[in-house]
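Participant: Take a look at the following structure, please.
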Amino acid sequence: MTTEDQRPKTEDRPPAADIARLAAHVGRTVSIRGWVHHLRSSGKVRFLVVRDGTGLVQGVLVKGRLPEEDFAAFDRLTLESSLILEGQVRAEARAPGGFELEVTRLEPLHIPQDYPISPKEHGVGFLMDHRHLWLRSPRQQAILKVRDEVCRACRDYFHDRGFVLVDTPILTPTACEGTTSLFETDYLDRGKAYLSQSGQLYLEAAAMALGRVYCFGPTFRAEKSKTRRHLTEFWMVEAEAAFYTLDEVMNLAEGLVAFAVSRVLAHRRPELQILERDVAPLEAVVPPFPRISYGEALTRLNEQGKEMAWGEDFGGDEETLISQAFDKPVLVHRYPRQCKAFYMEADPDAPELALCVDMLAPEGYGEIVGGSQRVADLDVLLARLEEHRLPQEPLEWYLDLRRYGSVPHSGFGLGIERLVAWLCGLKHVREAIPFPRLLDRLYP
RNA sequence: UCCCCGGUAGCUCAGCAGGUAGAGCGGGUGGCUGUUAACCACUUGGUCGGCGGUUCGAGUCCGUCCCGGGGAGCCA
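Anchor point for the first sequence: position 5 equals -8 in the numbering used here, and the numbering is continuous, going up by one each time.
Here is the structure:
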């Protein structure tokens, strides 16, 4: 049993309060636990802005209204000092946020020297080197909260529609397709393993068990892509549904994106404001989204003076041009099979086309969704493997799905960072993930 | 892999035609009883990315390498 005076300081404190919920504590004395975001002094009146992850609040120290020792401690504080404040909450029009804390006690926990990030300007390289600290800035916090909302919206959307979450492996025995470069690693004494570039093939297997399934996890691409739209490690939510056709999967993807946008608008307005994101374009994102075929898209491009031959895939510039004609994401469907993956079903009305779809985000954010109806017939799939010069043996399990009760089925993948970057109005996807992995960046 | 731009103080940058390095911010000291990126005064601060070359003399010109940024290609 501890007696009154032996109890640690933290136990005789007033109740801890989240800064975001100070409105409920006006007139009461609370503890605020956080980090120094800003310091100002005007002699006998001193101000400090404290961050606790839920918000910012200004504390006011007036000489004589708190212990002299605590008042003096202010002078030792530096940016990002951790501390516990006690004080009375009051509404104050002059304070950012509308509330402030009349500080009656100040206990520094740790006082750093030379915190590298100042409120002034920094270059991208410097900030990326200090990503672990950069996350503390209001902007980065806002992005992380929007990302959280997007991820939860995805899970809710699928859960509400009877989709079962199925986790697909990250270590895989082979390349799903021979064309892309994969991260390779030693797998104990069994040779090489590769980091997954997609959960799709495994998800197809799960769809044959559970009907409607989705996965949500990291994917890895070792391509030497150096653009604002590429990461070597990024997160993808992928869905797969037995008996779904291309049209049904387009509806599903459209619904998902619309739902994620609406959830962010409903719950993350303050964060969008911090990011200075114009919400008007987002409010326009309600179904139905425009749908055009690859052929129509090509015609539009040629009309705009962009010479492109039939059969070529669109690059970043083409995607931007196509999407600029619409104020919502646009679904471009039925690309030539020659520029798409081996597992995509051919259009029965035009066998040179694939039953596939890309969703291009507005404002030049590029492809956010890629999906297709999958080849259901074993012989067709075997022929495709041959065309694409892919080995059959490592994919026998995948072929089994066509040997035992094969059904038409479709699915798509959505890139989380591209969606978050678009919603937040970011120039580069690297800010849409807490610790980006890029072509030339693995630290921190 | 290719193209373009850059590397100068802890950070963001300036530095003219080659003549021996500056500002703002930050840090430090002092002042200020309502500040909002506070303000005022003083002060601290540098292997000019590395190596080599041209030159009486190189942050500046040339070569080369390294690093960063932007873009292209690539990217089911």
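The beta-carbon is built from N, C-alpha and C at its ideal position, and this holds for glycine as well.
Treat the numbers as computed from the prediction; the structure is a model and nothing was measured.
1. Considering only the beta carbon of each residue, do P160 and S183 sit closer than 8 Å?
2. Going by beta carbon distance, what residues of the same chain come within less than 8 Å of R390, once the five residues before and after it are set aside?
3. At the level of alpha carbons, what is the spacing between R(-6) and E73?
4. Can you say whether D286 is buried or exposed, counting buried as having 16 or more other CB atoms within 10 angstroms of its CB?
5. Take V273 and list the residues in its own chain whose beta-carbon comes closer than 7 Å to its own, dropping the five residues that flank it on each side.
6. To the nearest angstrom, how far is the alpha carbon of R278 from that of Y430?
7. So I355 and G298 are supposed to be a Cβ contact under 8 Å. How far apart are they, rounded?
8. Apply the 10 Å Cβ neighbour rule to P423 and answer buried if 16 or more other Cβ atoms are within range, or exposed otherwise.
9. Inspect the beta-carbon positions of P335 and F230 and report whether they are closer than 8 Å.
10. Going by beta-carbon coordinates alone, are G84 and G42 separated by less than 8 Å?
11. Go through the region 55 to 140 residue by residue and report every complete run of the beta strand (DSSP E) that reaches 3 residues or more, in order.
12. Going by beta carbon distance, what residues of the same chain come within less than 7 Å of R139, once the five residues before and after it are set aside?
13. Considering only residues of the same chain and omitting the five flanking positions on each side of H436, which have a CB-CB separation below 6 Å?
14. Quick check on DSSP: helix, strand or coil for H254?
15. Out of curiosity, what's the CA-to-CA distance linking L262 and Y189?
16. Considering S310, what are the terminal residues of the beta strand (DSSP E) in which it resides?
17. Between which residues of its own chain and E210 is the CB-CB distance below 6 Å, once the five residues before and five after are set aside?
18. Would you be able to state if there are at least three C-beta pairs under 8 Å between the region 338 to 345 and the region 375 to 393?
19. Going by beta-carbon coordinates alone, are L96 and V44 separated by less than 8 Å?
20. Considering only C-alpha positions, which residue in the set E305, H109, G178 is nearest to G433?
21. Counting C-beta neighbours from all protein chains within 10 Å, is the total for H217 16 or more, i.e. buried, or is it exposed?
22. Count the other CB atoms within 10 Å of the CB of L233; is the residue buried (16 or more) or exposed (fewer)?
23. Give the straight-line distance between the Cα atoms of L239 and C141, rounded to the nearest whole angstrom.
24. From D314 to D5, what does the alpha carbon distance come to, in whole angstroms?
25. Suppose the cutoff is 6 Å on Cβ atoms and the five residues either side in sequence are ignored; what does the same chain contact list for I420 look like?
26. Hey, quick one: how far does the beta strand (DSSP E) through E348 stretch, first residue to last?
27. Please classify R217: does DSSP put it in a helix, a strand, or coil?
28. Within 10 angstroms of its Cβ, does F113 collect 16 or more other Cβ (buried), or is it exposed?
29. For a test of the three-state rule: what should DSSP assign to I261, helix, strand or coil?
30. Can you tell me the Cα-Cα spacing of V362 and R199, whole angstroms?
31. By the 10 Å Cβ neighbour count, where 16 or more other Cβ atoms means buried, how is V251 classified, buried or exposed?
32. Can you give me the Cβ contacts of P280 inside the same chain, cut-off strictly under 7 Å, excluding the 5 residues immediately before and after it?
33. Name the one or two DSSP bridge partners that K179 has.
34. Under 8 Å, do R38 and G21 count as touching if we go by C-beta distance?
35. What distance in whole Å lies between the Cβ atoms of G178 and C202, which are believed to be in contact at a cut-off of 8 Å?
36. If we call anything under 8 Å between Cβ atoms a contact, is P2 one with S18?
Facilitator: Answer, in terms of the structure:
1. Against the first sequence, residue 160 aligns to sequence position 173. Against the first sequence, residue 183 aligns to sequence position 196. In this structure, S183 does not lie closer than 8 Å to P160 by Cβ.
2. By 1-based counting over the first sequence, the position of residue 390 is 403. Answer for R390: L365, listed in chain order.
3. The count along the first sequence starts at 1 and reaches residue -6 at position 7. The count along the first sequence starts at 1 and reaches residue 73 at position 86. Here the model assigns R(-6) a pLDDT of 39, short of 50, so the residue's position is not dependable and the matter cannot be decided.
4. In the first sequence, the residue the question calls residue 286 occupies position 299. Asp is not the amino acid found at residue 286; the sequence shown has Thr there. Result: exposed.
5. On the first sequence, residue 273 is found 286 positions in, with the first residue counted as 1. Answer for V273: A245, listed in chain order.
6. As a first step, residue 278 must be located in the first sequence, where it is residue number 291. As a first step, residue 430 must be located in the first sequence, where it is residue number 443. Those two C-alpha atoms are separated by around 41 Å.
7. To locate residue 355, count along the first sequence from 1; it is residue 368. To locate residue 298, count along the first sequence from 1; it is residue 311. I355 to G298, Cβ: 24 Å. No contact.
8. By one-based count along the first sequence, residue 423 stands at place 436. P423 is buried by the Cβ-count criterion.
9. Here residue 335 refers to the residue found at position 348 when the first sequence is read from its first residue. Here residue 230 refers to the residue found at position 243 when the first sequence is read from its first residue. For P335 and F230, no; Cβs fall outside 8 Å.
10. For the purposes of this step, residue 84 is taken as residue 97 along the first sequence, with counting starting at 1. For the purposes of this step, residue 42 is taken as residue 55 along the first sequence, with counting starting at 1. For G84 and G42, yes; Cβs fall inside 8 Å.
11. 69 to 78, 86 to 97
12. Locating residue 139 in the first sequence gives position 152, where the first residue counts as 1. Nothing meets the Cβ criterion.
13. Absent from the structure is residue 436, since the part of the chain shown begins at -12 and ends at 431.
14. As a first step, residue 254 must be located in the first sequence, where it is residue number 267. Correct three-state label for H254: helix.
15. By one-based count along the first sequence, residue 262 stands at place 275. By one-based count along the first sequence, residue 189 stands at place 202. Roughly 37 Å between the two C-alpha positions.
16. Within the first sequence, numbered from 1, the residue matching residue 310 stands at position 323. Per DSSP, S310 belongs to no beta strand (DSSP E); it is in the alpha helix (DSSP H), 303 to 310.
17. Translated into positions along the first sequence, residue 210 becomes position 223. So the qualifying residues of the chain are S168.
18. no
19. On the first sequence, residue 96 is found 109 positions in, with the first residue counted as 1. On the first sequence, residue 44 is found 57 positions in, with the first residue counted as 1. Their beta carbons are not under 8 Å apart, which means L96 does not touch V44 by this criterion.
20. Outside the displayed span of the chain (-12 to 431) sits residue 433, for which this structure offers no information.
21. Taking the first residue of the first sequence as 1, we reach residue 217 at position 230. The residue is buried, with at least 16 neighbouring Cβ atoms inside 10 Å.
22. Here the question's residue 233 lines up with position 246 in the first sequence. The residue is buried, with at least 16 neighbouring Cβ atoms inside 10 Å.
23. In the first sequence, the residue the question calls residue 239 occupies position 252. In the first sequence, the residue the question calls residue 141 occupies position 154. The straight-line gap from Cα to Cα measures roughly 11 Å.
24. Position 327 of the first sequence, counted from the start, is the residue given in the question as residue 314. Position 18 of the first sequence, counted from the start, is the residue given in the question as residue 5. Going from the Cα of D314 to the Cα of D5 covers about 39 Å.
25. As a position in the first sequence, residue 420 is number 433, starting the count at 1. The answer, listed in chain order, is E404.
26. Residue numbering aside, residue 348 sits at position 361 when the first sequence is read from its first letter. Reading off the sequence shown, one finds Ala at residue 348, where the question assumed Glu. That run of the beta strand (DSSP E) goes 343 to 348.
27. Here residue 217 refers to the residue found at position 230 when the first sequence is read from its first residue. Reading off the sequence, residue 217 comes out as His, not Arg. In the structure shown, H217 sits in coil (DSSP, three-state: anything other than H, G, I, E or B).
28. Counted from its first residue, the first sequence places residue 113 at position 126. F113 comes out exposed.
29. Taking the first sequence and counting its residues from 1, one reaches residue 261 at position 274. Looking at I261 - three-state DSSP - the assignment turns out to be helix.
30. Start at 1 with the first residue of the first sequence, and residue 362 comes out as number 375. Start at 1 with the first residue of the first sequence, and residue 199 comes out as number 212. Each residue's alpha carbon lies about 17 Å from the other.
31. Looking up residue 251 in the first sequence gives position 264. Buried, because 16 or more other Cβ atoms sit within 10 Å of the Cβ of V251.
32. Here the question's residue 280 lines up with position 293 in the first sequence. A small fix is needed here, since residue 280 is Ser in this sequence, not Pro. Result list for S280: H320, R321, in chain order.
33. As a first step, residue 179 is located in the first sequence; it is residue number 192 there, counting from the start. Answer is D173.
34. On the first sequence, residue 38 is found 51 positions in, with the first residue counted as 1. On the first sequence, residue 21 is found 34 positions in, with the first residue counted as 1. It is a contact, given that the beta carbons lie within the stated cut-off.
35. Counted from its first residue, the first sequence places residue 202 at position 215. Counted from its first residue, the first sequence places residue 178 at position 191. C202 to G178, Cβ: 25 Å. No contact.
36. Numbered from its first residue, the first sequence carries residue 2 at position 15. Numbered from its first residue, the first sequence carries residue 18 at position 31. Yes, they are a contact pair.
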